[in-house]
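Residue numbers for the sequence shown follow our numbering, so the first one is 3 and each next one is one higher.
Here's the structure, in structure tokens; my notes come after.
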Amino acid sequence: MSDDDQYDDHEANEEFVGHDEFDGRDEDGIRIPVGPAGDGPADAVPYGGDDDEVRRVEAALYARIGEQAPERRLTATRRAVELLGDPHLAYPVIHVTGTNGKTSTSRTIESIVRAHGLRTGLMTSPHLVSIRERIVIDGQPIAADRFTSNWDDIAPVLEITDRELADKGELPLTFFEALTVLALACFAEAPVDVAVIEVGMGGEWDSTNVVQSQVSVFTPIAIDHAKQLGATVAEIARTKSGIVKPSSAVVSSRQVPEALAELERAAELTESTLAVEGTGPFEPVTDRRGAAGSPSLQGGFSVVDVTPAVGGQLITVQGIAGRYDDLFLPLFGRHQAENAAVAIAAVESFLGRGAQALDEDVLSEGIAGTTSPGRLQPIATDPTVVVDAAHNPHGAKALAEALPVAFPSEHVVGVVGILGDKDARGFVRALKDTVATFVVTQPPGERALDADAFAKVVVDEIGADRVVVEPSLASALQQARDLADEADAEDALVLVAGSIVMVGAVMDLVHREGETK
């Protein structure tokens, strides 16, 4: 399932030129969340909560090169923060990368750290409702006035950097480079005690990699963004491992062998510790050459037990330094339990270098306070409508496993749409045994795979009798609701998945329906 949580959070951004003329809605009147994602902030900004000044800053950001066209460089971001006096050096950083689950894991880390009494900053992407969701201070999206005032402070520096880049024949700062500079400045101005920063794409040359992190966190690594990151898991893991800093702590979820080998290599080269999910707390991790007990590697951690509960699940986690029983996690799915275990290990590594157990009461508060909008989230009833941001095969597989546990149903109608650069066939294969009828549509935006083209893939996988095609997202949602109402099963539900931007649009659509009632 996704979020983040099991999907890459950077799928949704488009490059909007002349964004000040873009009204934010498509022909159906659906809001297009023009930011990138996997898994929003601790709490979403209320619908309609942004003023003209915030939209002014948003337009200035989106007038830049979009997130899906990142520059393979750190020099531009480094120059901008240097001109600002290096605000990113004013606080320690927990840096999070991976393919699936980055956002949910980042949010969980932030919630746990904040429960320990520290003032936190959190940078994630994309957003569901407001661009301010990407910069969170103490669990809340940054206040509109702080967002705009910080932008006005850094704007002259961005202009200077752009001119210097132009003089060298290079492109100006991109959307994500400028946003990174803004977030780093906001955290210093707050000020925060610690920042949790999610990588935009990859790691080594991602603009967030200007930070000097104390802990590097790796969620599951799989093939995604192959054009930018590489065609193999090993190549992608090698790029992502570039965030590891000397003498730091590395925490990783379970990884396939070729990905783990790259993380082990990075830990050895930087003389960093490495804790990996799935290995016992007292068992040395075996390095890629087969020698046990490499000095750069430490024990691991694992999820011991998961029990479904009302509103989430109870999890028991063996951490690096302690065991934590029956923690209530208000998120659904085994993958979210594993994300939480990674988060716990990351905080253990940050607060006590993995040698000191966390206070269980404080940890319980932090885990219970975790939120992850757009991840297996119910947004309507009669029939139940559940949205999930899964948008690649790995995320869809996690969704297929989590949905029956969180929302048991004998008949699931899926509203599915996907972007053109995603593995549409793999996504459908992961869900074909879970979804009874596929209502095929397309997400807002130019990168969407045409509904008819996607439908051909779906029909090829499951046959035409289970497929309905409706390019209009609003009409697709209504048709899916009608099909669920007509089903024999009393517990029939509608599932919306395939694109983070589509999830945000459907959430906006349902919200506006409620306003008119």
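Where is the CB? At the ideal position from N, CA and C, for every residue including glycine.
Every value quoted in this text rests on a predicted model; they were computed, and no experiment measured them.
What first and last residue would you give for the alpha helix (DSSP H) that runs through H396? Walking along the sequence shown from the start, residue 396 turns up at place 394. Element bounds for H396: 395-408.
Please identify the residue among P445, M203, V430 whose C-alpha is closest to the C-alpha of I502. Here residue 502 corresponds to residue number 500 of the sequence shown, with the count starting at 1. Among P445, M203, V430, the Cα nearest to that of I502 belongs to P445.
Taking C-alpha atoms, which residue in A398, L479, P406 lies nearest to D510? Position 508 of the sequence shown, counted from the start, is the residue given in the question as residue 510. Minimum Cα distance to D510 is reached at L479.
What is the DSSP secondary structure of T234, reduced to helix, strand or coil? One-based indexing of the sequence shown puts residue 234 at position 232. If DSSP states are grouped into helix, strand and coil, T234 belongs with coil.
Please report the distance separating the alpha-carbon of V196 from that of G516. Reading the sequence shown from its first residue, position 194 is the one you call residue 196. Reading the sequence shown from its first residue, position 514 is the one you call residue 516. Roughly 38 Å separates the two Cα atoms.
Buried versus exposed, by CB contacts within 10 Å (16 or more), E29: Within the sequence shown, residue 29 is the residue found at index 27, counting from 1. Reliability of the predicted coordinates at E29 is poor, the pLDDT of 47 falling under 50, and the value obtained from them is presented with this limitation in mind. E29 is exposed by the Cβ-count criterion.
V508 versus D487 - alpha carbon distance: In the sequence shown, counting from the first residue as 1, residue 508 sits at position 506. In the sequence shown, counting from the first residue as 1, residue 487 sits at position 485. The straight-line gap from Cα to Cα measures roughly 19 Å.
Please state whether DSSP places M125 in a helix, a strand or coil. Counting from one through the sequence shown, the residue named residue 125 turns up at place 123. Three-state DSSP puts M125 in a strand.
Local Cβ density within 10 Å of R54, reported as buried at 16 or more and exposed below that: On the sequence shown, position 52 is the one that residue 54 refers to. According to the sequence as given, residue 54 is Asp; it is not Arg. D54 comes out exposed.
Identify the continuous beta strand (DSSP E) that holds Y326 and give its terminal residues. In the sequence shown, the residue the question calls residue 326 occupies position 324. Here the beta strand (DSSP E) through Y326 covers 325-331.
Proximity winner among L85, D490, E367, V98, relative to F352 (alpha-carbon distances): Counted from its first residue, the sequence shown places residue 352 at position 350. Of the candidates L85, D490, E367, V98, the one whose C-alpha sits nearest the C-alpha of F352 is V98.
Could you give the DSSP three-state label for L2: helix, strand or coil? A query on residue 2 cannot be resolved here, the shown segment of the chain reaching from 3 to 519 and no further.
Does the Cβ-Cβ distance between L475 and T443 come in under 8 Å? As a working note, residue 475 is residue 473 in the sequence shown. As a working note, residue 443 is residue 441 in the sequence shown. Yes, the pair counts as a contact, with Cβ atoms nearer than the cut-off.
Considering only C-alpha positions, which residue in the set F149, A382, S215, D452 is nearest to I192? Counted from its first residue, the sequence shown places residue 192 at position 190. One point to set straight first is that residue 192 is Ala, not Ile, in the sequence displayed. With distances taken between Cα atoms, A192 lies closest to F149.
What alpha helix (DSSP H) runs, 4 residues minimum, are completely inside the segment 201-276? Whole alpha helix (DSSP H) segments, 4+ residues: 228-231, 235-242, 259-271.
With S106 as the anchor, note down where its alpha helix (DSSP H) starts and where it stops. To locate residue 106, count along the sequence shown from 1; it is residue 104. Here the alpha helix (DSSP H) through S106 covers 104-117.
Consult DSSP for I96 and reduce its assignment to one of helix, strand or coil. For the purposes of this step, residue 96 is identified with residue 94 of the sequence shown, where counting begins at 1. Strand at I96.
Is the beta carbon of A187 less than 8 Å from the beta carbon of D164? Position 185 of the sequence shown holds residue 187. Position 162 of the sequence shown holds residue 164. No. Outside cutoff.
What are the boundary residues of the beta strand (DSSP E) that includes G314? On the sequence shown, position 312 is the one that residue 314 refers to. Unbroken beta strand (DSSP E) run through G314: 314-320.
Cβ neighbours of V512 in the same chain (closer than 6 Å, five flanking residues each side left out): Looking up residue 512 in the sequence shown gives position 510. Shown here for V512: same chain residues with a beta carbon closer than 6 Å to its own, the five before and five after excluded, namely I381, A382 in chain order.
Which of the three DSSP states, helix, strand or coil, is assigned to D423? Translated into positions along the sequence shown, residue 423 becomes position 421. Coil, per DSSP.
Is S2 helix, strand or coil by DSSP? Past the edges of the chain, shown from 3 to 519, lies residue 2, and the structure says nothing about it.
Quick check on this structure: which residue in D423, G397, R325 has the alpha carbon closest to the alpha carbon of L433? Your numbering for residue 433 matches position 431 in the sequence shown. Taking only the C-alpha atoms, the option nearest L433 is G397.
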